[in-house]
Structure formats: structure tokens, C-alpha cells
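Protein chains: 2
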Amino acid sequence: MSGEFDLIRRHFARPTPATLLGPGDDCALLAPTPGQTLAITTDMLVAGVHFFADTDPGRLGWKTLAVNLSDLAAMGAQPRWATLAGALPEADDSWLGAFADGFFACATRYGVDLVGGDTTRGPLTLSVTAIGELPLGSALRRDGAHAGDDLWISGSPGLAALALAALQGRTALPATLAERCRDALETPTPRIELGLALRTRQLASAAIDVSDGLLADLGHILERSHLAGEVELAALPAAPADIDSALWRDCLLAGGDDYELIFAAAPAARADIAALAQSLALPLTRFGQLLPGAETGSGQAPRLSVRDANGQPLTLTHRGYDHFA
Amino acid sequence: MSGEFDLIRRHFARPTPATLLGPGDDCALLAPTPGQTLAITTDMLVAGVHFFADTDPGRLGWKTLAVNLSDLAAMGAQPRWATLAGALPEADDSWLGAFADGFFACATRYGVDLVGGDTTRGPLTLSVTAIGELPLGSALRRDGAHAGDDLWISGSPGLAALALAALQGRTALPATLAERCRDALETPTPRIELGLALRTRQLASAAIDVSDGLLADLGHILERSHLAGEVELAALPAAPADIDSALWRDCLLAGGDDYELIFAAAPAARADIAALAQSLALPLTRFGQLLPGAETGSGQAPRLSVRDANGQPLTLTHRGYDHFA
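Sequences listed follow chains A and B, in order.
To convert a position in the first sequence, counted from 1, into the working numbering, add 1134.
To convert a position in the second sequence, counted from 1, into the working numbering, add 1134.
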């Protein structure tokens, strides 16, 4: 066999216990669980756009799969399988080994079989398709939210964007905070357990993961559910010590790459959600509410408003990150 | 909504009649046909590696999906769904429109719903994951061939490689032939109907599609089925008029990008295969046979031999294309 095949096989041929036929043929063969529907998502990461080319390959391997699993989490799906396609500028054995270790650490943690792939020479680009399962009609969709629902967010939003600001020299961070932010940026935790719990306990009416920024992604729920929304800035985590408040606000509201879940839930679910946060040891923060959509109002009402600690509306300059803006 | 989303939505939001929930949420939702297994494959195409950056975008759109469907064909699967991730150097409206038209021409032709995608800025790179269905245990695998089986190939192998040779200035082609070769290279036909017929009529013991070259891909069947093989060069299409015979031999045996199917079949199936060729209006050429593997012989026997028109063994210099060779 030639070099490419040997290299890929050595690093990426791992057991696929939940798969009829793993990598090595024209296709892999999967047996979906009878009665389940499939949730499928794809994300591409490009060096210089989504990550620095010198990012630690093990962390990059983790993140490459994690950002896809985050989309499964946002539907409440149980992760099952993934494929990986990658363009690499060179066949660097140690880089590939570290990348594979990070990728499979995430795959093993969430029970994912890597069932197929493609590797080629090219500018460093990584593309994953992930597949999960869930019962028909149970998915946490973006279009299921109701006026009057609370808005919740998991974890510690803003830290990944703060890490990026530090890496770009826009702020300095004390060492402990720097490490925590860097972990948030480079090894995000897909909120699989949260998504599964919200779905099986029927606690959420809608959900989305925060990849492009809190306001931008919340906007997708508003748009698809035909609702307006109000965000209370004071309910979200306060700026860490010595961090400029305007920078922090930008990290919180417009920073991407958090991969936390935003979800909508009826006020009646507050106690259950608090109990869930306890059982998952994961902060779940109520940060706003959903209102009837503009279609039923004046047509001029802002769809999404943010109030500061004094209850004054903030003027929003941008709501996220647009790859082609 | 911001520019990127508008652009992508305008060109790529098409009906997905065979899908529970199409693009626009964190995941698409698919309902597999009860009792069927899924065949899944992924292929990445990089500008400058797999295609020239100035390739006609409509043809590139077709090929981007077709090379993935070809893998489904090689398993005998019925195509169902695909995802598309792309990095683009710029958000060029007319390029995207033409690309989408070509992509959906292929998708419509073969009944594929595009269920998800991701688009980002970056060096032009396209990655598709395609999913098909087939009954449990019926797939045309690489490891199912038997000693004594005939070797067959569909269509007109060698033309895509000849087109590449012409584009690279290694040969000149008369206009009619040039167009035919260019079509073979740029708008390959995934042999879906052939794969389905071979599977449902149980005519083939193994199959693979020719992406890396006839000998290289045949080598995968030999390796996985633990067999040796003999190829009769004289059985394969002769060089077109005025084409150098050494160049043609190289195109036939080592040229990739044909996306024809190689399959193995018992000699008893010859009449049925000839009838199938008639009914599909697709040449099916018997070009060799499979022999017991070296494991049971001297251990020194060549696994794959090619005999020329005089029955003399050819010396093989290389067997295909290795992205990292």
C-alpha cells in the first residue's frame, strides 16, 4: 500500500463497535436503531479562519468533532457516527497522531464511531459530518419556542471570545483566567448530556448552540419561532476582574465559539431546570424572555432588545460573526 | 439576516421531499426506511489538487456530488441524502448559482436531498457526505470476491485521464475526442443504476469505483478479498486514433477520476451481465480474472499481473495516484 493509506490507516483506523462495516470499503454501513430518526450536521474548520494554523493538533482534533456534536446536542440527539474529511498541507506523522488522539478522545467520550473519511493534500481544512439518533417528533428545534418562555444559557458564555481577544492582543489576561478561556476556545464541551436531558424530560421548547454569538444565534430562534426577545445583561456572567466591561459585553453578546446551548422553556419548568443544573454540575442561567413576534404588533418593535443593569436598552452594533460580511 | 446566510439560502435551499426536516436548524432530521441499512461516504475536493480553480462551476457542482454518489453505486446503495461543506475564497453570487445548479442537477437526477451544509471563507475546498440505503447483508463489498471470478469494468475507462493529459499539455486531442474526454473528467456519471442492478440481481461478488486508477482500485479488491488478479490489456478499450499507445496504457491502468465500476462476478453470470449491459445501454467489459491469493501459494507470486496483447507480462511502474506520494 502507498504512503497515504498507511498513514491514515495507522492513525484513524479504530474500532467501530456500533457500526456494521467501518472504514476501508467504498462506504461504511450503519444500522439505525429501529424507530429512531437521524439528526445530521456538518461543519468545516479552515486554518486562519476558525483556528490558528499552529493550534495544538490534539486540541484541534477534539474541537473538530466537538463543534459538530454541539449541533447534535442542540437537537437533543444521541451521538452515534461521524465522518472526517481533511485537507493537509503535508503528511506529518506526529501532527496526525496528535490530531487523531484528540479527535478520538472526544469520539470515545461521547460514544461516536468514526466510520469514514477522506484525506488529501491541500490548505489545512477539516470537515466533519456527525449523525445522532432521537425518537420521531422529539427534537429540540429552533421553531418550537413560545411567547412567555424563559431564555436560558448553559455554562460560562464569553470565555472563548475572551481567549480570542487575548490571542489577538486586544486584552491581557491573568494566567489562571487565560488558561480557562483557552480551554473554552480550544476544547469546548459539547453539551450532549444537557441536550439529552432537556429532550427526554421535555423541559425545553427550542434550543440552539452558540457558535456565531449569543445574540446572533438567539436571533435564529426568534426568526424561526416568529417571536421577539428581551435579554437582561445583568443576568449573564459579570466581567472577570480587570477585564474591560465593553470588551466583556462584546464577548458575551457577540462572541462565537462558545458552544453553549441557548434554550427556551416555560416558566413552570424553572425548578426542574435548576435541579437539572445541579445534577449535571453545569450552570444554567436564565437571561431573558420571549415575547410575541412583531408580526402581531406594530411591525416597528425591535425583535431583540438587550437591557443593561439599569434596565436601559443597549444599542447593538453587531450581532455576531458573518464569514462573508 | 446577514449576507452569508442570505447567499447560501438563496442558492442552496431547495425542497427536500424525502427528509423530515431540511436545512435551517442545528441538524437535519432523516427517517431511514425501516429495515434498511445506511451506506455513508465522504469525499473532499480541493482546488489545484482535484480540479483546476477555473473549472466551470456548474460542472464542478455536478462532479462534487457525483464522486460521492459513485461510492454509493459501488456498494449497490440507493442514494438518499447528502450534506455539503464548502470553503470559498469569496462569496461570488454567479459562481455559487452555477455551482448550485450543477450540484442540484446531479442531486435531482439521482433522487438526493441536500439536507445540510456549512459555508465559510477559505481556499476553495468542497466536502460532501452522501448517504444511501440498502437491505442488510446485500452490499457489494470489496471483500466478497472469489478466485475464478471474472473482472468487469463499466463504461469507457481512460478518457478522464486522457482529458487531464491534454489539459496538462502532455498530448493533443482532436476536437470531438477532446469534448468526450472532458465530459468524462468534469461530469462523470455515477453508475447508480449499474450498482443497484448488480446488487438486486446478485450478479457481483465485489465492486469498487475507479477513483485512483484501475490497477490501484482493483488492488483494493485483491487485498480485501485475499486474492491475486490477472488483467488482459487487450480486453480493455484500444487507444483512440492518433493517441500514443504508452500514454493510453497509462491512462487506462493508472488514470484516476473515471468513476466507472470494477466488479467481480462468477463466470456463470456472463450472459446475465451481457443482458444487463444491453438494458442499461452501458458497455460492461470483461478484462481479467481473479486467482487464489498469494497466501496459499509461494508467497512470491505477483498479486496483480497485466498481460499485453501478445500475452507477455507488463512491468508496472506505478499503480495509481497517491495524494502524499
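Don't be surprised by glycine CBs; every beta carbon is placed ideally from N, CA and C.
Span of the beta strand (DSSP E), counted from its first residue to its last, around residue i
i, result
"A/Phe-1397", "1395 to 1399"
"A/Arg-1214", "1212 to 1222"
"A/Val-1183", "Taken as a continuous stretch (DSSP letters only), A/Val-1183 belongs to no beta strand (DSSP E), as it is neither H nor E."
"B/Leu-1462", "Within the shown structure, residues of chain B are numbered from 1135 to 1459, placing residue 1462 of chain B beyond reach of any answer."
Cβ-based burial, residue i [other Cβ within 10 Å; buried from 16]
i, result
"A/Gln-1087", "Outside the displayed range of chain A (1135 to 1459) lies residue 1087 of chain A, so it cannot be described from this structure."
"B/Thr-1310", "exposed"
"A/Ser-1288", "buried"
"A/Pro-1149", "exposed"
"B/Pro-1447", "exposed"
"B/Gly-1329", "buried"
"A/Ser-1345", "buried"
"B/Gly-1454", "Confidence in B/Gly-1454 is poor, its pLDDT being 46 and thus under 50, which makes the residue's placement unreliable; the coordinate value appears in the next sentence. Buried, since its Cβ has 16 or more Cβ neighbours within 10 Å."
"A/Leu-1270", "exposed"
"A/Arg-1214", "buried"
"A/Asn-1444", "exposed"
"A/His-1457", "Because the pLDDT of A/His-1457 is 44, which lies under 50, any placement of that residue in the model is unreliable, and the question is left without a value."
"A/Gln-1212", "buried"
"A/Leu-1141", "buried"
"A/Phe-1186", "exposed"
"B/Gly-1182", "exposed"
"B/Gly-1389", "buried"
"B/Arg-1333", "buried"
"B/Arg-1144", "exposed"
"A/Ser-1204", "buried"
Opposing strand residues paired with residue i [DSSP bridges]
i, result
"A/Ser-1439", "A/Glu-1364"
"B/Trp-1286", "B/Phe-1397, B/Arg-1420"
"A/Gly-1266", "A/Ala-1173, A/Pro-1213"
"A/Ala-1340", "A/Ala-1398"
"A/Thr-1259", "A/Val-1180, A/Ala-1221"
"A/Leu-1425", "A/Ala-1362"
"B/Pro-1447", "B/Arg-1441"
Limits of the unbroken alpha helix (DSSP H) element including residue i
i, result
"A/Ser-1272", "Note, A/Ser-1272: premise wrong, no alpha helix (DSSP H); not H, not E."
"B/Ala-1162", "Looking at the DSSP string, B/Ala-1162 is not in any alpha helix (DSSP H); the run it does join, the beta strand (DSSP E), is 1162 to 1164."
"B/Ala-1388", "1379 to 1388"
"A/Gln-1412", "1404 to 1414"
"A/Asp-1317", "1309 to 1320"
"B/Thr-1334", "1326 to 1334"
"A/Ala-1297", "1293 to 1301"
Beta carbon of residue i nearer than 8 Å to that of residue j
i, j, result
"A/Ala-1208", "A/Ile-1407", "no"
"B/Ala-1300", "B/Cys-1385", "no"
"A/Gly-1195", "A/Asp-1226", "no"
"A/Arg-1276", "A/Ser-1359", "yes"
"B/Gly-1363", "B/Leu-1356", "yes"
"B/Ala-1369", "B/Arg-1420", "yes"
"A/Ile-1396", "A/Leu-1206", "no"
"B/Leu-1381", "B/Leu-1349", "no"
"B/Gly-1220", "B/Ser-1272", "no"
"A/Thr-1198", "A/Gly-1251", "no"
"A/Asn-1202", "A/Thr-1175", "yes"
"A/Leu-1172", "B/Leu-1155", "no"
"A/Pro-1322", "A/Pro-1371", "no"
"B/Pro-1166", "A/Pro-1166", "yes"
Secondary structure of residue i, DSSP reduced to three states
i, result
"B/Ala-1228", "Checking the displayed sequence, the identity of residue 1228 of chain B turns out to be Ser instead of Ala. DSSP places B/Ser-1228 in helix when its eight states are reduced to three."
"A/Pro-1157", "coil"
"B/Pro-1191", "helix"
"B/Gly-1431", "Annotation note: pLDDT 48 at B/Gly-1431 (below 50); position unreliable, coordinate value reported separately. The answer is coil: DSSP assigns B/Gly-1431 none of H, G, I, E or B."
"B/Phe-1458", "Here the model assigns B/Phe-1458 a pLDDT of 45, short of 50, so the residue's position is not dependable and the matter cannot be decided."
"A/Thr-1198", "helix"
"A/Ala-1207", "helix"
"B/His-1354", "helix"
"B/His-1280", "coil"
"B/Ala-1373", "coil"
"B/Arg-1148", "coil"
"A/Asp-1167", "Just to set this straight, residue 1167 of chain A is Thr in the shown sequence, not Asp. If DSSP states are grouped into helix, strand and coil, A/Thr-1167 belongs with coil."
"B/Arg-1304", "coil"
"A/Asp-1346", "coil"
"B/Thr-1323", "coil"
"A/Arg-1143", "helix"
"B/Asp-1391", "coil"
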